[in-house]
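Asks: Below is a structure I'd like to ask you about.
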Amino acid sequence: MDSLEKENNISFYIHIPFCQIKCPYCDFNTYENIENFIPNYMKGINIEINNWEKILVQYNVKSIYFGGGTPSYIKSSYIKEIINLIKSKFSVEKNPEITLEANPVDLNIYKLSSYLDIGINRLSIGIQSFSDSLLKKLGRNHDQKSAIKSIENTLKAGFKNFNIDLMYGIPSQSINQWRESLTKIKNYEINHLSTYNLTFEEGTPFYHWEKQGKLIAPKDKKIEDMYLLQKEFLTEIGFIHYEISNWSKPKMQSKHNLRYWSGNHYIGVGAGAHSYFDNKRFSNIKSPKKYIEKMKPQNINQTNDFFKKISNIGIIHEQETLTQKDIFFDRVMLNLRLIKGIKHQDIYREFNINFPKKFKHLLSELVDLELIEENTEITKLTDKGILLSNEIIMRFFQEISKPLPIKT
Ligand code: SF4
83 MDSLEKENNI SFYIHIPFCQ IKCPYCDFNT YENIENFIPN YMKGINIEIN
133 NWEKILVQYN VKSIYFGGGT PSYIKSSYIK EIINLIKSKF SVEKNPEITL
183 EANPVDLNIY KLSSYLDIGI NRLSIGIQSF SDSLLKKLGR NHDQKSAIKS
233 IENTLKAGFK NFNIDLMYGI PSQSINQWRE SLTKIKNYEI NHLSTYNLTF
283 EEGTPFYHWE KQGKLIAPKD KKIEDMYLLQ KEFLTEIGFI HYEISNWSKP
333 KMQSKHNLRY WSGNHYIGVG AGAHSYFDNK RFSNIKSPKK YIEKMKPQNI
383 NQTNDFFKKI SNIGIIHEQE TLTQKDIFFD RVMLNLRLIK GIKHQDIYRE
433 FNINFPKKFK HLLSELVDLE LIEENTEITK LTDKGILLSN EIIMRFFQEI
483 SKPLPIKT
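Per this note's numbering, the sequence shown starts with residue 83, numbered consecutively.
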């Protein structure tokens, strides 16, 4: 995807913060036991989308993504209403990719058929593992049987395009358990896979349990072995590694996520949702309760300036106008996540920067450490670099943030 195609295209991310249970490793903006908020929250989402109508007149909607949280946990009639609203208010591409994140326990044939009817054409199923003991450890509300059933139902309903999430680096997970989970996917026609290395995020029960010694994170060497095992296994069965955590069969990449990683614009709707638009990065208040209180039609004044509108009603949590330096760093960070890496020519065209020359010393250091591969056209992470991607991205950040030398 051409990173310069962003000008008149846009994607919508809709945040559904409801989950049947809150998993102890999860640090997303999600909640259990607030089902009574669902009707008013969805009204708020409608109002927020309506607010974008005048601002996005010139824009073409390329993709819609329902994430969370667990969008499959709420009635599909709510999802239908949002899709119809977006289609009625905006110019939408003929066959936009419309993805919905789902929990295996929600995917019965009836629900799946209703998704196809309302225009959902891609699912992302949070399976995480096919081992009952690991699913229990993760605090998930499904088991291996329901995970398999959800895949069978998805295929039976007629979905061709769906992702499953799998996790490695779970405490006590053995290499064999990881191999078994990977082997399961061979039995089904699965075209997309997201594999995440479990991290212990601050504020989660997992983080505290690790600090208290109740959970032990796997050693780096084991993580590396698991990563290399998946690489060998998935490549052998026809998957292409296209982003640090994402694998797909040919031409089955997530269009929506590729738009993020290529630096294109998107609008996040709902509590805590993030947006990137008009050189601004901003996010909504995180609390669904406060979001509902603010997002009332009478609170919205008639100005056409969206930022005035939402700032006035206090829905914005954080807002930042990006400098050229920020946009450049974002591009480097996002493009490094792509397995094809950074195309020097794209960087030159968009920022007038000679990438190999600007980072000459850093690149030579990272090449010597076998963390980066480069030639005249591209710079990309090696396998070793993928495992240390956060540290490498931080090095680029430090380099980009350096003040310019003072000319004397
Ligand atoms: S179901 Fe997903 S979003 Fe919800 S708490 Fe668990 S990991 Fe987080």
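Every residue, glycine too, gets a C-beta built ideally from N, C-alpha and C.
#1: Could you tell me if the beta carbon of N185 falls within a distance shorter than 7 Å of some heavy atom in the ligand SF4?
#2: By DSSP, does A184 sit in helix, in strand, or in coil?
#3: For Q210, report the span of its alpha helix (DSSP H) as first-last.
#4: Is it buried or exposed, D84, if we count other Cβ atoms within 10 angstroms and call 16 or more buried?
#5: Leaving out five residues on either side along the sequence, give the residues of the same chain with a beta carbon under 8 Å from the beta carbon of S471.
#6: Closer than 7 Å: is that where the CB of T281 sits relative to any heavy atom of the ligand SF4?
#7: Could you tell me which residues DSSP pairs with D408 in its beta bridges?
#8: Do S145 and S213 have their C-beta atoms closer together than 8 Å?
#9: Nearest CA to the CA of E473: which residue from L451, S206, E456, I398?
#10: When you measure from the CB of F110 to every non-hydrogen atom of the ligand COA, does any distance come out below 7 Å?
#11: Using CA atoms only, rank isn't needed, just tell me which of K368, V174, E117, Q335 is closest to N243.
#12: Output the boundary residues of the alpha helix (DSSP H) element that contains T461.
#13: Regarding K368 and the ligand SF4, is the C-beta to nearest heavy atom distance less than 7 Å?
#14: Flag T152 as yes when its Cβ comes closer than 7 Å to any non-hydrogen atom of the ligand SF4, and as no otherwise.
#15: Should N91 and N361 be called a contact, given that it needs their Cβ atoms to be closer than 8 Å?
#16: Among residues of its own chain, excluding the 5 on either side of N122, which ones have a beta-carbon nearer than 7 Å to its beta-carbon?
#17: By the DSSP assignment, the beta strand (DSSP E) with V351 in it spans what residues?
#18: Report, in whole angstroms, the separation of the C-beta atoms of Y460 and K425, which I expect to be a contact under 8 Å.
#19: Can you give, in chain order, each stretch of the alpha helix (DSSP H) that sits fully within the stretch 258–345 and has at least 4 residues?
#20: Take the Cβ of G423 as the centre, count every other Cβ of all protein chains shown within 10 Å, and call the residue buried at 16 or more, exposed below.
#21: Just the C-alpha distance for I156 and K227, rounded to the nearest angstrom, thanks.
#22: Thinking just about the alpha-carbon of each residue, which of V143, D247, E175 is nearest to the one in K266?
#23: Among V187, R341, E117, which has the Cα closest to the Cα of P99?
#24: Could you check which residue in K218, S232, L311, S173 has the C-alpha nearest to that of I191?
#25: Report the rounded CA-to-CA distance for P287 versus Q140, giving the unit in angstroms.
#26: Counting Cβ pairs, one atom from each stretch, are 3 or more of them under 8 Å apart for the stretch 207–223 and the stretch 182–191?
#27: Under a Cβ-count criterion, where at least 16 other Cβ atoms within 10 Å of its own Cβ denotes burial, should G251 be classed as buried or exposed?
#28: Suppose contacts are defined by Cβ-Cβ distances below 8 Å. Is G201 in contact with I165 by that definition?
#29: I need the boundaries of the beta strand (DSSP E) containing E400, first residue and last residue.
#30: Per the DSSP calculation, I92 is bridged to which residue(s)?
#31: Could you spell out the range, first to last residue, of the beta strand (DSSP E) harbouring F433?
#32: In whole angstroms, what separates the C-alpha of I209 from that of A229?
#33: Between which two residues does the alpha helix (DSSP H) holding R477 run?
#34: Within the present structure, is the beta-carbon of G208 separated from the nearest heavy atom of the ligand SF4 by less than 7 Å?
Replies: The answer reads as follows:
#1: Working through the sequence shown from its first residue, we reach residue 185 at position 103. Yes, since a heavy atom of the ligand SF4 falls inside the 7 Å radius drawn around the Cβ of N185.
#2: Here the question's residue 184 lines up with position 102 in the sequence shown. A184: strand per DSSP, three-state reduction.
#3: As a position in the sequence shown, residue 210 is number 128, starting the count at 1. Taken as a continuous stretch (DSSP letters only), Q210 belongs to no alpha helix (DSSP H), being part of the beta strand (DSSP E) at 204–210.
#4: Here residue 84 corresponds to residue number 2 of the sequence shown, with the count starting at 1. At D84, the pLDDT of 44 sits below 50, so the modelled position is not reliable; the number obtained from the coordinates is stated separately. When all chains shown are included, D84 counts as exposed.
#5: On the sequence shown, position 389 is the one that residue 471 refers to. Counting only Cβ-Cβ distances below 8 Å, and skipping sequence neighbours, we find I326, L418, R419, L463.
#6: In the sequence shown, the residue the question calls residue 281 occupies position 199. For the ligand SF4, not one heavy atom lies less than 7 Å from the Cβ of T281.
#7: To locate residue 408, count along the sequence shown from 1; it is residue 326. None; D408 has no bridge partner.
#8: By one-based count along the sequence shown, residue 145 stands at place 63. By one-based count along the sequence shown, residue 213 stands at place 131. No.
#9: Counting from one through the sequence shown, the residue named residue 473 turns up at place 391. Looking at the Cα atoms, L451 is the closest of the given residues.
#10: The ligand COA is absent from the structure shown, which contains only the ligand SF4.
#11: Your numbering for residue 243 matches position 161 in the sequence shown. Of the listed residues, the one whose Cα sits closest to N243 is Q335.
#12: Taking the sequence shown and counting its residues from 1, the one referred to as residue 461 is at position 379. It is not in any alpha helix (DSSP H) - T461 instead sits in the beta strand (DSSP E) that spans 460–463.
#13: In the sequence shown, the residue the question calls residue 368 occupies position 286. No; taking the cut-off as 7 Å, the Cβ of K368 has no heavy atom of the ligand SF4 nearer than that.
#14: Mapped onto the sequence shown, residue 152 falls at position 70. It does: the Cβ of T152 is within 7 Å (strictly closer) of some heavy atom of the ligand SF4.
#15: On the sequence shown, position 9 is the one that residue 91 refers to. On the sequence shown, position 279 is the one that residue 361 refers to. Their beta carbons are not under 8 Å apart, which means N91 does not touch N361 by this criterion.
#16: Here residue 122 is taken as the residue at index 40 of the sequence shown, counted from 1. Here the set comprises I374.
#17: Counting from one through the sequence shown, the residue named residue 351 turns up at place 269. That run of the beta strand (DSSP E) goes 348–351.
#18: Indexing the sequence shown from 1 puts residue 460 at position 378. Indexing the sequence shown from 1 puts residue 425 at position 343. Here residue 460 is Ile; the residue named in the question, Tyr, does not match the sequence. Confirmed, Cβ separation roughly 6 Å.
#19: 287–293, 302–318, 337–343
#20: In the sequence shown, counting from the first residue as 1, residue 423 sits at position 341. G423 should be labelled buried.
#21: For the purposes of this step, residue 156 is identified with residue 74 of the sequence shown, where counting begins at 1. For the purposes of this step, residue 227 is identified with residue 145 of the sequence shown, where counting begins at 1. Approximately 22 Å, taken between the alpha carbons.
#22: For the purposes of this step, residue 266 is taken as residue 184 along the sequence shown, with counting starting at 1. Nearest C-alpha to K266: D247.
#23: Numbered from 1 along the sequence shown, position 17 holds the residue referred to as residue 99. Minimum Cα distance to P99 is reached at E117.
#24: Residue numbering aside, residue 191 sits at position 109 when the sequence shown is read from its first letter. Comparing Cα positions, the closest option is S232.
#25: Looking up residue 287 in the sequence shown gives position 205. Looking up residue 140 in the sequence shown gives position 58. C-alpha separation (whole angstroms): 45 Å.
#26: yes
#27: As a working note, residue 251 is residue 169 in the sequence shown. So G251 ends up on the buried side.
#28: If you number the sequence shown from 1, residue 201 lands on position 119. If you number the sequence shown from 1, residue 165 lands on position 83. It is a contact, given that the beta carbons lie within the stated cut-off.
#29: On the sequence shown, residue 400 is found 318 positions in, with the first residue counted as 1. That run of the beta strand (DSSP E) goes 398–403.
#30: To locate residue 92, count along the sequence shown from 1; it is residue 10. I92 is bridged to V143.
#31: Numbered from its first residue, the sequence shown carries residue 433 at position 351. First-last for F433: 426–433, but that is the alpha helix (DSSP H), not the beta strand (DSSP E).
#32: As a position in the sequence shown, residue 209 is number 127, starting the count at 1. As a position in the sequence shown, residue 229 is number 147, starting the count at 1. So the alpha carbons of these two residues sit roughly 6 Å apart.
#33: Taking the first residue of the sequence shown as position 1, residue 477 is located at position 395. 471–483 is the span of the alpha helix (DSSP H), which, as asked, contains R477.
#34: Here residue 208 is taken as the residue at index 126 of the sequence shown, counted from 1. Yes, the beta carbon of G208 sits closer than 7 Å to at least one heavy atom of the ligand SF4.
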